[in-house]
Amino acid sequence: MATERTFSIIKPDATRRNLTGRINAKFEEAGLRIVAQRRAHLTQAQAEAFYGVHRERPFFGGLVTFMTSGPVVLQVLEGEDAVAANRRIMGATNPANAEPGTIRKEFAEDIEANSVHGSDSAENAATEIAFFFKPEDIVG
Ligand code: GDP
Numbered sequence: 006m007a008t009e010r011t012f013s014i015i016k017p018d019a020t021r022r023n024l025t026g027r028i029n030a031k032f033e034e035a036g037l038r039i040v041a042q043r044r045a046h047l048t049q050a051q052a053e054a055f056y057g058v059h060r061e062r063p064f065f066g067g068l069v070t071f072m073t074s075g076p077v078v079l080q081v082l083e084g085e086d087a088v089a090a091n092r093r094i095m096g097a098t099n100p101a102n103a104e105p106g107t108i109r110k111e112f113a114e115d116i117e118a119n120s121v122h123g124s125d126s127a128e129n130a131a132t133e134i135a136f137f138f139k140p141e142d143i144v145g
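Under my numbering, think of the first position of the sequence shown as 6, with each following residue one higher.
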């Protein structure tokens, strides 16, 4: 295992319910460091580009509407095996299938409003981090 970085978003359903601190505690308790963090309101163009891989999926329009419905918290997380570690901390996409103790099990409202995004590979993490952060804004 090596120290690596992953990209995270605390989604609008979670900021609306004031859950940023409780979600960040999950990351930190599991050994991930928040090395960059910025609150933002995504534009439609940003949300469409970020989720471009899902453009043909039936839920794409709803997902973009949801992701632009309120503030998000954009983050870079750093730690051992950070991409896989964060996916474990987040839990399954559908909270009904998420393990106990995971963010999505504890906080997600449904399969769409599932509180967090986390990169699914090191390659995607690098792309997603570069989409939202300048190198000098990440302080490890
Ligand atoms: P993730 O990597 O676990 O976030 O899951 P995906 O990359 O497959 O999907 C991206 C996001 O699209 C999810 O986190 C959900 O917010 C949303 N999503 C995924 N599948 C569905 C679905 O079947 N219906 C709806 N409404 N939203 C979905």
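Glycine is no exception: its CB is placed at the ideal position from the N, C-alpha and C atoms.
Can T11 be considered in contact with ligand 1, in the sense that its beta carbon sits closer than 7 Å to one or more heavy atoms?
Not under cutoff, so the answer is no.
Report all residues from its chain with a CB closer than 7 Å to the CB of V58; omit the five preceding and five following residues, and keep chain order.
none
In the DSSP assignment, what residue or residues form a beta bridge with A135?
Beta-bridge pairing links A135 to no other residue.
Assign V144 to buried or exposed, taking buried as 16 or more other Cβ atoms, counted over all protein chains shown, within 10 Å of its Cβ.
exposed
Rounded to a whole number of angstroms, what is the C-alpha to C-alpha distance between E141 and G106?
34 Å
Express the C-alpha separation of M6 and A118 in angstroms, rounding to a whole number.
31 Å
Where does G67 land, buried or exposed, given buried means 16+ other C-beta within 10 angstroms?
exposed
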